[in-house]
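Engineer: Counting in the numbering used here, the sequence shown runs from -19 upward without gaps. By construction, the Cβ of each residue, glycine as well, lies at the ideal position given by its N, Cα and C atoms.
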Amino acid sequence: MARTDVEKYIAELRNAQEKSEADIYSLKEELNRLSESKAFENFERESATVEKTSLEQIKDFGMLLRARSLASAICGKKGITDKLHSMHFSLNMLKSGSAKEALDAFLYSKTKISNIIDELNDFKAKLEEIERCHSKMLPDGLDSRLHAEKYSARVETLRSMHKRQKNALISAVKLFIKMSKKHIKSQKSFK
């Protein structure tokens, strides 16, 4: 009985892993959905507006300026999606046989893997920092808590975008490795 449960669990893990590996076309669809999202623009616009009652309660206007600056920087993180599109294009080049160009794009150009990872980490850090700024900006009270909950919902939308970008990067890297292995195996010198 226990043995079949373990085998079933292992089979489920294998199926989940196979489903999580995106192909090049589903990656393109996810990147298109990320590009069409207005979450970044909405966040920056909503962060720039402050209600009159909230403005009267703000303790530290330096925090307000810092929060607005962070919101603008976070809006710039939509550029990660553009870099992921470039990676996708490089995957298409690798698929068509242009291995050198794809290798350069993934490992040596501005869209190299480590740069995108750094940007994703910076994105996450900025989200955490803007939440801290926002919580320090308003005094404690029921109105502040309600405003903070509303703001947290906006930040959660961006956290979702971050997670989707991270998953797209992981899928692109997995595809790059898989396609590179296939390309190397197809070379006559390695047979």
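Curious, which full-length alpha helix (DSSP H) runs of at least 4 residues does the region 63 to 92 contain?
Structural biologist: 79 to 87
Engineer: Does any C-beta atom of chain B lie closer than 7 Å to the C-beta of VAL135?
Structural biologist: Of the protein chains in this structure there is only one, and it is not chain B.
Engineer: Taking its Cβ as the centre, do 16 or more other Cβ atoms sit within 10 Å of ILE60, making it buried, or is it exposed?
Structural biologist: buried
Engineer: Between the Cα of ARG48 and the Cα atoms of CYS113, ASP98, LYS75, SER140, which residue gives the shortest distance?
Structural biologist: CYS113
Engineer: Contact defined as beta carbons within less than 8 Å: I believe GLU51 pairs with ILE110. What is the distance between those atoms, to the nearest angstrom?
Structural biologist: Just to set this straight, residue 51 is Ala in the shown sequence, not Glu. The pair is a contact, with the Cβ atoms about 7 Å apart (cut-off 8 Å).
Engineer: Taking 7 Å as the limit between beta carbons, can you name the residues of its chain near THR91, skipping five residues before and five after?
Structural biologist: LYS63, SER66, MET67, ALA85
Engineer: With respect to the alpha helix (DSSP H) encompassing LYS18, which residues constitute its N-terminal and C-terminal limits?
Structural biologist: Premise fails: LYS18 is in no alpha helix (DSSP H) and is neither H nor E.
Engineer: With a threshold of 8 Å on Cβ separation, who are the neighbours of GLU26 within its own chain once the five nearest residues in sequence on each side are excluded?
Structural biologist: Within the same chain, GLU26 has close Cβ partners ARG134.
Engineer: In the structure shown, what three-state DSSP assignment does GLN167 receive?
Structural biologist: coil
Engineer: Measure the C-alpha to C-alpha separation of ASN22 and ASN147 and round it to an integer number of angstroms.
Structural biologist: 22 Å
Engineer: In three-state DSSP terms, what is ASP3?
Structural biologist: In the displayed model, ASP3 falls within coil according to three-state DSSP, outside both helix and strand.
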